[in-house]
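Enquirer: Going line by line, the protein sequences match chains A and B.
Start counting the first sequence at 44; every next residue gets the next number (our numbering).
Start counting the second sequence at 27; every next residue gets the next number (our numbering).
No residue lacks a Cβ here, since even glycine has one placed at the ideal position from N, Cα and C.
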Amino acid sequence: MNWLRSFLDKIKPNFEKGGKLYFLHSTFEAFEVFFFVPNKVTEKGSHIRDYVDLKRLMTHVLIALVPIVLFGMFNVGLQHYRLQLGIEIDAWGQVVKEAGFWRIFWYGFLRVLPIIIVSYVCGLAVEFASAQIRHHQVNEGFLVTGMLIALIVPPTIPLWMLAVATIFAVIFGKEVFGGTGMNFLNPALLTRAFLFFAYPASMTGDAVWIVNKGLDVISGPTPLALAAQNQFAQAPSLLTMTLGFIPGSIGETSKILIVLAAFYLIFTGVVNLRIIISTLIGATAMGLIFNLWGANEYMQIPFYYHFFFGGFLFGTVFMATDPVTSAQTPIGKILYGLLIGILCMLIRVVNPAYPEGAMLAILLMNVFAPLIDHVVIQQNINRRKKRALLSQTIKS
Amino acid sequence: MNEIYKIKKGLDIPIDGEAPRMEIGFMLKEKIAILPPDFRLFTPRLLVKEQENVIVGQPIIQNKLDENIIVTSPISGTIKEINRGEKRAIKQIVIEPDLNQKYKEFDIPNSLDRDNIIDVLLVSGLWVYIRQRPYGIIANPIDIPKAIFISAFDTSPLAPDVDFLLWGEDENFQKGIDVLKKLTSGPIHLNINPSKNRSDFFFKIKNVEHHFFEGPHPAGNVSVHISRISPLNKGDIYWYLYPQDVMFIGRLFNTGRLDLHRKIALTGSELTERGYITILPGTAINSLIADRLKQDNVRVISGNVLTGTNAGIDGYLSYYDNQITVIPEGDYYDFFGWVAPKFNKYSPSRMIFNWLVRKKDQKYVLDTNMHGEERPFVLSEQYDKYFPFDIYPVYLLKAILSQNIELMEDLGIYEVVEEDFALPEYVCVSKINLQEIMRKGIDLMIKETT
């Protein structure tokens, strides 16, 4: 790759201070460090540094998302042809037979790709511009956020809405606080929340799937919406939901792939196991309480069904674990996770207006995470003060 | 036998270039330099002129902040040059040795009490080896420490074998302990790692409390020992010394002469010959490694790879160090280095795929490349695995960055020093210079509280 290196070295002076393209220096640097890890050596402190940097960390999240994206594309096509052909939700095998695997995938690919592109282009444009304004380097934070945004919106979302929401979320969720590492709300979830409250008609979560078949408009309700409307009997089988052949946001449907991704991320040390486990425990506990209570039909749905509905698992693995917006202390993380699980179930089951609780639960806990940490840190401080006091009294 | 403290958090970096337990030379007639920046909180005043003749034990510099504290010449010879840096700060005082070494004879009083011991230590220049916690700075002679800590083992990467460094110095070390015992109101804690201190050298030492530690680096750090044996509270003062420093004190009180000869380890992957060598502090590094280098593009470190100083091939050994490490410079571009799987490169994390193929006890050549660029704090629990204290490192660092003195104190800044942040700094994905932040925090604390 010497030709690329020498080309970059040749054009580099133009972007340095005094060069005619100086105003693009952040952009140049972003591309340069994309191709090459810089030749910078340690100057202060430890003389050796680990090979892992933030880019690699983000790359692992993207690797974990690849199967989910591909499946999401396939499922978008599948749901389209299923509704068009009028086939039962559990009979997805028949849809594949009748419509053909590649035709299904190609349809979904064409629907999902523009969403991914719009999410990345809008978000990265804001990132590059703000890096340029602040004379910072472009951060890799949005590499993951951009993909996550595409995966948590319905495939039917109008692209202009997505663009508006993404720009809003990146500017007001992240850049105004100082960029990656400084934000307190997860920017991907903020995008979804913006869409949810600004354009509820496109986002309600109960009829995310609309297919025009001749003159008729057919909508395919998500299992979560069926449950909320006390039509749980019509919900697809557990197997179908586990595999993910159900309507829903692009990335949230295949539970099995999300679990595999979770194992990969936990094993490589990218996400925090504690948050995931405690979120699941929180949801289980609340679910069991509802099951025992059983005041209405929704409460009687066995608690484990909730893991297969909607975006709970996806949110737990990819959103709740966001290292910047989650609680920072080990004990804080456990509390934070438990509360996300409990709140998610509460919002789903008790609140009739919002079928999906994961997004709001995580965002709410993002807001409270600093408070949880404050309490934990304060205990550490008190412990230290008590120890000092004790040694004082022993002395005197 | 006392309880064994097992340190679980930490990491032994499998870096290549350990020194075998073997002496490869004894140097005496090399030029040396006294480097005032080695001493924390030390504003030097020169007590000698260029071309002046000095003898072993003669004062060279004095601390303007505390005039009792001086640094004396470890060698007899001629002051060859005095090099200054920015704002005419003294950087190096280079001394060319004479053929015949002349020693200043120090009066050792017959009855040793606290006051006359301190006088001897101050006059001989050995006082700079006695350091204190909090902060890791030179101790104040008027303080009476609650205890003295001595770590008999070094867990840092490629660290020398302390038993070997002190081999044959039993009497001097015991004498040093006996002298130091009179300086503290409490015990001397001698902390041993049974799997590193293989000989019975430290086990035989009397007049101390033995404690036992096991575990990966930083199990040998004094902060770790203090945190387990007797946690440091606000207002407490502990002193600590390296084992070789105790030996110097013992030699002085046994012979009346200052003798700073010590073994050091020549380590690192870029040396053709590694081993131990007996020299004086401040020895010119060039004379030690020039004909032992594998290649020219190297980083020459006085100390270890985590906390040492970049001395350069023409530099001098720092006053406190007993190790020189030579590793390759990492000034290369790495094509798609942030995504390549890197099977043959070491990382403690599973984010590069070395763990798939790593053999047990395999060693790696590590270079000085940053492997990325500086970013804000992102991962929150990353440091915890390498930080065996009841302290939240990120919160402490952020308190330092926001210069919040009270919060720094509350979060435990007294209990740790720069070196405790070395491992977190090594693994940091955001490539933040944590030790520098910590040092600034300590400087700020000292400035604001005294």
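Any idea what DSSP makes of F229 (chain B), helix, strand or coil?
Expert: Looking at F229 (chain B) - three-state DSSP - the assignment turns out to be coil, as it is neither helix nor strand.
Enquirer: When Cβ atoms are compared, which residues of the region 397-426 of chain B fall closer than 8 Å to chain A?
Expert: Cβ contacts with chain A: H397, G398, E399, R401, P402, F403, V404, L405, S406, E407, D410, D416, I417, Y418, V420, Y421.
Enquirer: Could you confirm whether any beta carbon from chain B is found closer than 8 Å to the beta carbon of N226 (chain A)?
Expert: No - not a single Cβ of chain B is within 8 Å of the one on N226 (chain A).
Enquirer: Counting only runs that start and end within the region 263-342 of chain A, where is the alpha helix (DSSP H) found for 4 or more residues in a row?
Expert: The region 263-342 of chain A contains these whole alpha helix (DSSP H) runs: 266-271, 281-286, 298-310, 316-336.
Enquirer: What first and last residue would you give for the alpha helix (DSSP H) that runs through V181 (chain A)?
Expert: V181 (chain A) -> no alpha helix (DSSP H), and no H or E assigned at all.
Enquirer: Report all residues from its chain with a CB closer than 6 Å to the CB of L297 (chain B); omit the five preceding and five following residues, and keep chain order.
Expert: Around L297 (chain B): R318, V352.
Enquirer: Please list, in chain order, the chain A residues whose beta carbon lies closer than 9 Å to that of V331 (chain B).
Expert: In chain order: S89, H90, I91.
Enquirer: Would you mind stating whether G246 (chain B) and S328 (chain B) have Cβ atoms separated by less than 8 Å?
Expert: Contact: no.
Enquirer: Compute the Euclidean distance between the alpha carbons of L267 (chain B) and C454 (chain B), then round it to the nearest angstrom.
Expert: Those two C-alpha atoms are separated by around 29 Å.
Enquirer: What's the gap between the Cα of L27 (chain A) and the Cα of T102 (chain A)?
Expert: Outside the modelled stretch of chain A, which goes from 44 to 439, sits residue 27 (chain A), for which no answer is possible.
Enquirer: With S375 (chain B) and V95 (chain A) assumed to form a contact (beta carbons below 8 Å), what rounded beta-carbon distance in angstroms separates them?
Expert: Indeed, because the Cβ distance is near 5 Å, the residues count as touching under 8 Å.
Enquirer: Between A:L202, A:N118, A:P243, A:F66, which lies nearest to F171 (chain A) when the distance is taken from Cα to Cα?
Expert: Closest option to F171 (chain A), Cα to Cα, is A:F66.
Enquirer: If distances are taken between C-alpha atoms only, which option among A:E399, A:T359, A:A396, A:V393 comes closest to L381 (chain A)?
Expert: L381 (chain A) has its Cα closest to that of A:T359, out of A:E399, A:T359, A:A396, A:V393.
Enquirer: Name, in chain order, the residues that DSSP records as bridge partners for N79 (chain B).
Expert: In DSSP, N79 (chain B) forms a bridge with B:T104.
Enquirer: For I174 (chain B), does the count of other Cβ atoms within 10 angstroms reach 16, so buried, or fall short, so exposed?
Expert: Looking at its Cβ environment, which holds 16 or more other Cβ atoms inside 10 Å, I174 (chain B) is buried.
Enquirer: Anything in chain B within Cβ reach of F310 (chain A), meaning under 9 Å, just list it in chain order.
Expert: Simply R376.
Enquirer: Using a Cβ-Cβ cut-off of 6 Å (strictly less than) and excluding sequence neighbours within five positions of V205 (chain B), which residues of its own chain qualify?
Expert: Within the same chain, V205 (chain B) has close Cβ partners I143, I275, F279.
Enquirer: Indicate the three-state DSSP secondary structure (helix, strand or coil) for D360 (chain B) in the structure shown.
Expert: It is a strand residue.
Enquirer: Are the C-beta atoms of V324 (chain B) and some chain A residue less than 8 Å apart?
Expert: Closer than 8 Å: no.
Enquirer: Check whether chain A comes within 8 Å of K466 (chain B), counting only Cβ atoms and requiring the distance to be less than that.
Expert: By this cut-off, K466 (chain B) is not an interface position.
Enquirer: With a threshold of 7 Å, establish whether the CB of D42 (chain B) neighbours any heavy atom of the ligand ADP.
Expert: As far as ligands go, the structure on display features none, and thus does not contain the ligand ADP.
Enquirer: Please classify P338 (chain A) as buried or exposed, where buried requires at least 16 neighbouring CB atoms within 10 angstroms.
Expert: It should be noted that the sequence gives Ala, not Pro, for residue 338 (chain A). Exposed is the call here.
Enquirer: Is the beta carbon of I105 (chain B) closer than 8 Å to that of I116 (chain B)?
Expert: Taking 8 Å as the Cβ cut-off, I116 (chain B) and I105 (chain B) do not qualify as a contacting pair.
Enquirer: Using the rule of at least 16 other Cβ atoms within 10 Å of the residue's Cβ for burial, across every protein chain shown, is E131 (chain A) buried or exposed?
Expert: E131 (chain A) comes out exposed.
Enquirer: In its own chain, which residues sit with a C-beta less than 8 Å from the C-beta of S49 (chain A), not counting the 5 before and 5 after it?
Expert: For S49 (chain A), where only same-chain residues beyond five positions count, there are no Cβ hits under 8 Å.
Enquirer: Taking contact to mean at least 3 C-beta pairs separated by less than 8 Å, is the region 465-473 of chain B in contact with the region 424-432 of chain B?
Expert: Yes: the two stretches touch, three or more of their Cβ pairs being nearer than 8 Å.
Enquirer: Could you tell me the alpha carbon to alpha carbon distance between E441 (chain B) and K429 (chain A), rounded to whole angstroms?
Expert: If you take the alpha carbons of E441 (chain B) and K429 (chain A), they lie about 15 Å apart.
Enquirer: For F544 (chain B) and chain A, any beta-carbon pair shorter than 8 Å?
Expert: The structure shown does not extend to residue 544 (chain B), since chain B is modelled only from 27 to 476, so the question has no answer here.
Enquirer: So which residues on chain B does S434 (chain A) lean against when the C-beta distance must stay under 8 Å?
Expert: The contacting residues are N259, D262.
Enquirer: Are the beta-carbon atoms of E235 (chain B) and P213 (chain B) separated by less than 8 Å?
Expert: Going by C-beta atoms, E235 (chain B) is nearer than 8 Å to P213 (chain B).
Enquirer: Taking T102 (chain A) as the query, report the chain B residues whose CB atoms sit under 9 Å from its CB, ordered along the chain.
Expert: The answer, in chain order, is W364, V365, M377.
Enquirer: In or out: P279 (chain A) buried (at least 16 other Cβ within 10 Å) or exposed?
Expert: Result: buried.
Enquirer: Please say whether I111 (chain A) and S297 (chain A) have beta carbons closer to each other than 8 Å?
Expert: A contact, by the Cβ cut-off of 8 Å.
Enquirer: Starting from V383 (chain B) and walking both ways along the alpha helix (DSSP H), at which residues does that stretch end?
Expert: Premise fails: V383 (chain B) is in no alpha helix (DSSP H) and is neither H nor E.
Enquirer: So, under 8 Å CB-CB, N380 (chain B) and F362 (chain B) are touching, yes? Tell me the CB distance rounded to an integer number of Å.
Expert: No, N380 (chain B) and F362 (chain B) are not in contact; Cβ-Cβ is about 17 Å, not under 8 Å.
Enquirer: Using the Cα positions of Y348 (chain A) and F117 (chain A), report the straight-line distance between them to the nearest angstrom.
Expert: If I take the Cα positions, the gap works out to 23 Å.
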